[in-house]
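Asker: I have a structure I would like to understand better, so I am pasting it below and will then ask my questions one at a time.
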Amino acid sequence: GAVVSQHPSWVICKSGTSVKIECRSLDFQATTMFWYRQFPKQSLMLMATSNEGSKATYEQGVEKDKFLINHASLTLSTLTVTSAHPEDSSFYICSAGVPDTQYFGPGTRLTVL
Amino acid sequence: RKEVEQDPGPFNVPEGATVAFNCTYSNSASQSFFWYRQDCRKEPKLLMSVYSSGNEDGRFTAQLNRASQYISLLIRDSKLSDSATYLCAVNEATDKLIFGTGTRLQVFP
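Protein sequence lines, in the order shown, are assigned to chains E and A. Under our numbering, the residues of the first sequence are numbered 3 to 115, in order. Under our numbering, the residues of the second sequence are numbered 11 to 119, in order.
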C-alpha cells in the first residue's frame, strides 16, 4: 500500500520559535496533501489542503500566516508553525490523497514550552 | 450541528461480543464514506470503505444508509486487539475528509 512519512515524529520547542514538519509520499506522487491537527481526545481537524505548485487552501479559522504550507514537489509538502505558542501543542498529521482514499503519515507530536 | 457525529463512548465489551457503532453526517452530497481505526498516539489507519450495498471484511461489516444519512460498523466476535478508537470519515466532492470525533472501544477479557 501507499506509504507516507513525516519528519520529525516529535519535537519540543520554546515559545516563539518556528517548527517545520515534512510530509513525504514515498512510493507514489501526490498532487494533493492534507494537513490535520488533533488535540487530545478530539477528532482530526482539517487545517489545509496543500496543492503542488499552488497556494494551499486553508480551512476557516486557520491562520495562513501562522501555518505556512509549501508543496514544492509531487512527493513533499511542508508545514511550518511560525512563532509557536503553547496552545499550538498538538498532534499534526498529514495525508496524501489518491483517488477515493487517503493515506496518513505517522504524525508529529509538537510540544511548545 | 456537526458535519459528522459519533457517540464518543467508551464502549466496554467482553471478548466475543458483537458491538455496533453509528455515525451520522449532515451533508447529503457526501460521496464516499470510510471507517478508520486509530490507536492511542498513532495515525488513523483505514479499516474499510463503506459501499452503498454494504460490505464485509472478516468480522467487520459496514453499511451505509443514504436516506437517513448514517453509516454503521459492526464488529463480531470482539478481540482484545480491537480496542481502539474508531473514526468515521466522509469524503466530500473536493476529496476533503471530514472526521467524526471517534468512538472508543475497550474490549476486556
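We put the beta carbon where it would ideally sit given N, CA and C, even for glycine. Predicted model only: the values in this text are computed from it and were never measured.
Listed in chain order, which residues of the region 47-75 of chain E have Cβ atoms closer than 7 Å to some Cβ of chain A?
Answerer: Leu48, Thr51
Asker: Please go through the same chain and pick out, in chain order, the residues whose beta-carbon is closer than 7 Å to the beta-carbon of Ser20 of chain E, but skip the five residues on each side of it.
Answerer: The residues are Thr82, Val83, Thr84, Ser85, Ala86.
Asker: What residue from A:Phe109, A:Ile108, A:Leu90 has the CA that sits closest to Pro119 of chain A's CA?
Answerer: Looking at the Cα atoms, A:Leu90 is the closest of the given residues.
Asker: Against chain A, with Cβ distances strictly below 7 Å, would Phe41 of chain E count as a contact?
Answerer: So, not an interface residue.
Asker: So for Leu115 of chain A, helix, strand or coil by DSSP?
Answerer: Three-state DSSP puts Leu115 of chain A in a strand.
Asker: Straight-line CA distance for Ser52 of chain E to Phe21 of chain A?
Answerer: One C-alpha to the other measures close to 36 Å.
Asker: Give the straight-line distance between the Cα atoms of Arg114 of chain A and Asp49 of chain A, rounded to the nearest whole angstrom.
Answerer: 10 Å
Asker: Starting from Lys22 of chain E, trace the beta strand (DSSP E) in both directions and tell me its first and last residue.
Answerer: 21-27
Asker: Decide yes or no for the touch test of the region 60-72 of chain A against the region 12-20 of chain A: beta carbon pairs closer than 8 Å, at least 3 of them.
Answerer: no
Asker: Only counting the same chain, and skipping five residues up and downstream in sequence, which positions put a Cβ closer than 7 Å to that of Asp92 of chain A?
Answerer: Closer than 7 Å at Cβ, skipping near neighbours: Ile85, Leu115, Val117.
Asker: Taking the CB atoms as reference points, tell me whether Phe109 of chain A and Ala99 of chain A lie closer together than 7 Å.
Answerer: yes
Asker: Quick one: measure Cβ to Cβ for Ala4 of chain E and Ala98 of chain E, integer angstroms, because I've assumed they're closer than 8 Å.
Answerer: 7 Å
Asker: Can you look up Leu115 of chain E in the DSSP assignment and give me helix, strand or coil?
Answerer: Note: Leu115 of chain E maps to coil in three-state DSSP.
Asker: Would you mind reading off the limits of the beta strand (DSSP E) that contains His9 of chain E?
Answerer: 6-9
Asker: Closer than 7 Å, CB to CB, is Ser11 of chain E near chain A or not?
Answerer: no
Asker: From the DSSP output, read off the bridge partner residues of Cys96 of chain E.
Answerer: E:Trp37
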